[in-house]
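Structure, as structure tokens:
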Amino acid sequence: MPRLLVVHHTASPALQAMFEAAVSGARTDEIEGVEVVIRPALTAAVVDVLEADGYLLGTPANIGYMSGALKHFFDGIYYPCLEATRRRPYGLYVHGASDTGGAVRAVESIATGLQWRKVRPPACVTGAPSRPDLEACWELGALLAAEIAG
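So this is what it looks like as structure tokens:
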């Protein structure tokens, strides 16, 4: 069964809402046969990445960068997963108080190094997530699940 790995650092109510929307989209009844595996960024491991067929990443934008937890995740999996995970699809959602650009650039730079394939532009939110913001997160999760379902 295809597996979607959700790696997240959910440090605020806004990120919790985005996380829940993205996971709900990935688990929609309209897409069958995809296992959604959820791991906090500080506990996600190489085996989780190698066993997955796609990745949904969630992070706050902290002082113009991704969270330390997501960076820790990438530091641990980068070289062990470099060859085996090329061309796998990924998506990203980011929440920031005032800006998400630095966090997006950092994650996209690492994903480019891993040669992961972005399925759509990131879902980026500053301030409180609106209904359209949460719908974008839901759509991101659903799109990734559909992508790996075939």
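Each residue of the sequence shown is one higher than the last, beginning at 3 in my numbering. All residues carry an ideal CB built from backbone N, CA and C; glycine is no exception.
Asked: Beta-carbon proximity list for residue 138, same chain, < 6 Å, skipping 5 on both sides; Found: 125
Asked: Pairwise C-alpha distance: residue 94 and residue 102; Found: 11 Å
Asked: Among 122, 57 and 65, nearest to residue 90 - alpha-carbon criterion; Found: 57
Asked: Start-to-end residues for the alpha helix (DSSP H) that takes in residue 149; Found: 133-151
Asked: Inter-stretch contact at 8 Å, needing at least 3 Cβ pairs: the stretch 103-117 / the stretch 33-42; Found: no
Asked: Sequence ranges, alpha helix (DSSP H) only - wholly within the stretch 68-116, length at least 4; Found: 70-83 and 103-116
Asked: Start-to-end residues for the beta strand (DSSP E) that takes in residue 53; Found: First-last for residue 53: 48-53, but that is the alpha helix (DSSP H), not the beta strand (DSSP E).
Asked: Per DSSP, the bridge partner or partners of residue 37; Found: 5
Asked: Whether residue 153 touches residue 70 by CB criterion (7 Å); Found: Outside the modelled stretch of the chain, which goes from 3 to 152, sits residue 153, for which no answer is possible.
Asked: Start and end residues, beta strand (DSSP E) containing residue 127; Found: 125-128
Asked: Own chain residues within Cβ distance below 8 Å of residue 128, not counting five before or after; Found: 97, 98, 99, 100, 101 and 102
Asked: Cβ contact check for the stretch 60-80 and the stretch 4-21: 3 or more pairs under 8 Å; Found: yes
Asked: Beta-carbon proximity check, residue 153 vs residue 86, cutoff 7 Å; Found: Nothing about residue 153 can be read from this structure; the chain reaches only from 3 to 152.
Asked: Proximal residues to residue 79 (C-beta, below 6 Å), its chain only, five neighbours per side dropped; Found: 48 and 51
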